[in-house]
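First up is the structure itself, then whatever we jot down about it.
In the working numbering, the protein residues as written are 74 to 312.
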């Protein structure tokens, strides 16, 4: 039986298409402490009111006020580190202003990213699903490279557990694969039993897929060749 071979460019096109369909999820910013995910779920930290979340690590106290600001180093900030010198003396350190917040989604987890006015300190608070009744705020780690500092925190709550509804990207991927499988299965069945084709010819529009790969390859070759000649040309030839 003759083996089926499709040019490498066809495979690259398929992979690129799948990559675009499976794009990362976003969370559209609604306010300084709320955003809306692609599946319609709204993450809103206003449900915690004016609660100041606190985390303790070594001799430092980390305080976070998601929807407002607090006094920190003679300025109003949303995330602040207090180094405890004594029971009555605490030295504040600005970890992020509320105006700098932007939302990202990594692996389904919503992150609030902050930076201080100098840009030398950045902080990320990850909103993590937890089935525990009590909401907890934790300092995970901090990284220092010369004058740059990066802090990582987690706010764990059952309020952040997914509603299990599908995102727009997931729906597009499901529809795409269903249509693709249906197209291939019906095409192969029709070609084998109705048109009496076999082997590579049984694939629907096999020649078109092969030609597409050749056309893309030729197009890239032509473009690169012509661009290379134009870059090397010193002067125009007379007509």
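Virtual Cβ for every residue (Gly too), placed ideally from N, Cα, C. This structure is a prediction, so every number in the text was calculated from the model and none was measured.
- Residue 117: member of the beta strand (DSSP E) spanning 115-117, first to last residue.
- Inter-residue distance for residue 201 and residue 158 is about 32 Å (C-alpha atoms, whole angstroms).
- For the pair of segments examined, the segment 99-118 was found not to touch the segment 126-135: the number of CB pairs separated by less than 8 Å stays below three.
- Nearest Cα to residue 214 within the set 195, 207, 230 and 231: 195.
- For residue 193, no beta strand (DSSP E) encloses it, and the DSSP letter there is neither H nor E.
- Straight through space, the alpha carbons of residue 169 and residue 222 are spaced by roughly 11 Å.
- Per DSSP, the beta-bridge partners of residue 148 are 145.
- Going by C-alpha positions, residue 207 is about 8 Å away from residue 231.
- Sequence-distant partners of residue 152 (beyond 5 residues in either direction) whose C-beta falls short of 7 Å from its own C-beta, in its chain, are 137, 168, 169, 187 and 196.
- One Cα belongs to residue 191, the other to residue 278, and the distance between them is close to 59 Å.
- Residue state for residue 138 is assigned as coil, using DSSP reduced to three classes.
- Cβ atoms of residue 174 and residue 185 come within 8 Å of each other, at about 6 Å.
- Annotation for residue 155: 134, 163 and 165 place their beta carbon closer than 6 Å to its own, counting only its chain and skipping 5 residues before and after.
- DSSP places residue 181 outside any beta strand (DSSP E), giving it a letter other than H or E.
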